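Last residue of the sequence shown: 278 in my numbering, with the numbers rising by one and none dropped.
We put the beta carbon where it would ideally sit given N, CA and C, even for glycine.
Since this is a predicted model, take the numbers as computed values, not measurements.
What follows is a single structure, written as structure tokens, with notes after it.
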Amino acid sequence: MNQICVDIGNTSTGFAFMDKENVVAMFFCQTGDWGNVSKELTGFLGRRRPLLNLYLSSVAPKAKVSLEKYLITEGWKFSVFEVNLNDKKQIHLAYAENDKSSLGTDRLSLIYKAMMNHPERNVLIVDLGTTMTVDIIKKGEHLGGFITLGVKASLEALSLKTEKLPAIVDLLGDDSFLGKSTQECIAKGIVYEKVIFLQGVLNYIQDLSSEEPFVLWGTGGDIYLLQNDFEWDKCEKKLIFEAIYEWFCPKKNE
């Protein structure tokens, strides 16, 4: 079980131990703060330290380099396989040819998985982390999407500009729609901003397409904040790792 999927984000990095396409265990750390990574790897794999196959998606190139240097320093031997659009040139993307390289490899792997799993369906993918990305696929073709601030990034931006607002609040709170304190108002304002935005996107694209409803996927470190607001077909952190794995190890029927 030496296959590990790694998702390097702007602020957080996730590691998933894979048994074929199944996620067996996961752990997370701050991007660039690799101090406990070797301990986590040893805790799961044992001290024999097998050769690792790292299936990797990264939106932070410098962090990828620093992770590799850290693992070498810690005595790990590994091969790196990084998501790259050149590997899947058959993917139909909405991006212009000269701009395709700007598409994050995390989004790319999720788009590919959606196309392979639902070639004749419409799919909407939400990845909620530092940013919130939305991608829309219609029967195997990527139509485009949106990128906006994630929940915690929105909170931090608001706190920096407003002296009396706290930097950290309880983002879950109770189930009521309205906030009843300044902190609750901030939290609910930011979370429901995302909910209402996504509801608007769903309504708009469904109106454009009188066909079957969209398959709705959600992933990312903060997707749990929206898990009760939509009828998700899949809503889980591990979805990104499954997508990265499938990029390199497609299912046999694909």
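Using CA atoms only, rank isn't needed, just tell me which of Thr97, Tyr136, Leu240 and Phe170 is closest to Lys113. Position 89 of the sequence shown, counted from the first residue, corresponds to residue 113. Comparing Cα-Cα distances from Lys113 to each of Thr97, Tyr136, Leu240 and Phe170, the minimum goes to Tyr136.
Integer Cβ distance of Lys88 from Leu80, believed to fall under 8 Å: Working through the sequence shown from its first residue, we reach residue 88 at position 64. Working through the sequence shown from its first residue, we reach residue 80 at position 56. Right, the Cβ-Cβ distance comes to about 7 Å (below 8 Å), so this counts as a contact.
Contact check, Asp130 vs Val83 under 8 Å by CB: the rounded distance? Walking along the sequence shown from the start, residue 130 turns up at place 106. Walking along the sequence shown from the start, residue 83 turns up at place 59. The pair is a contact, with the Cβ atoms about 6 Å apart (cut-off 8 Å).
On the CB-based measure, 16 or more other CB atoms within 10 Å of its CB, does Asn227 come out buried or exposed? The count along the sequence shown starts at 1 and reaches residue 227 at position 203. Exposed is the call here.
State yes or no: is the C-beta of Leu132 within less than 9 Å of the C-beta of Trp271? If you number the sequence shown from 1, residue 132 lands on position 108. If you number the sequence shown from 1, residue 271 lands on position 247. Going by C-beta atoms, Leu132 is nearer than 9 Å to Trp271.
Cα-Cα separation, Leu134 to Leu127: Sequence index remark: in the sequence shown, residue 134 carries index 110 (1-based). Sequence index remark: in the sequence shown, residue 127 carries index 103 (1-based). Cα-Cα distance, rounded: 12 Å.
Just to confirm my understanding: we take Glu144, look at its own chain, exclude 5 residues before and 5 after, and list those with CB closer than 8 Å. What are they? What you label residue 144 is simply residue 120 of the sequence shown in a count that begins at 1. Contacts found: Lys163 and Gly164.
Check whether the stretch 90-107 and the stretch 211-226 touch, using three or more Cβ-Cβ pairs below 8 Å as the test. no
Pair within 9 Å by beta-carbon distance, Ser62 and Thr154: Residue mapping note: residue 62 aligns to position 38 of the sequence shown, counting from 1. Residue mapping note: residue 154 aligns to position 130 of the sequence shown, counting from 1. Against a cut-off of 9 Å, the Cβ pair of Thr154 and Ser62 comes out as no contact.
On the DSSP letters alone, give me the boundaries of the beta strand (DSSP E) that Leu152 sits inside. On the sequence shown, position 128 is the one that residue 152 refers to. Leu152 -> beta strand (DSSP E) spans Asn146 to Leu152.
Once DSSP output is grouped into helix, strand and coil, what is the label at Ile113? Mapped onto the sequence shown, residue 113 falls at position 89. The sequence shown places Lys at residue 113, rather than the Ile named in the question. Coil at Lys113, not helix or strand.
Could you compute how far the alpha carbon of Glu106 sits from the alpha carbon of His166? Here residue 106 corresponds to residue number 82 of the sequence shown, with the count starting at 1. Here residue 166 corresponds to residue number 142 of the sequence shown, with the count starting at 1. Roughly 21 Å separates the two Cα atoms.
Within this structure, are the beta carbons of Phe102 and Asn77 separated by less than 9 Å? Working through the sequence shown from its first residue, we reach residue 102 at position 78. Working through the sequence shown from its first residue, we reach residue 77 at position 53. Yes, Cβ-Cβ distance for Phe102 and Asn77 is below 9 Å.
Going by beta-carbon coordinates alone, are Thr55 and Gly33 separated by less than 9 Å? Within the sequence shown, the letter at position 31 stands for residue 55. Within the sequence shown, the letter at position 9 stands for residue 33. In contact: Thr55 and Gly33 (Cβ atoms closer than 9 Å).
For Thr157, I'd like the list of residues in its chain whose CB is within less than 6 Å of its CB, leaving aside the five on either flank, ordered along the chain. Translated into the one-based positions of the sequence shown, residue 157 becomes position 133. Excluding sequence neighbours, Thr157 sits near Arg131, Asp151 and Ile171.
Where do the N-terminal and C-terminal ends of the alpha helix (DSSP H) with Lys93 fall, by residue? Within the sequence shown, residue 93 is the residue found at index 69, counting from 1. Residues Pro85 to Thr97.
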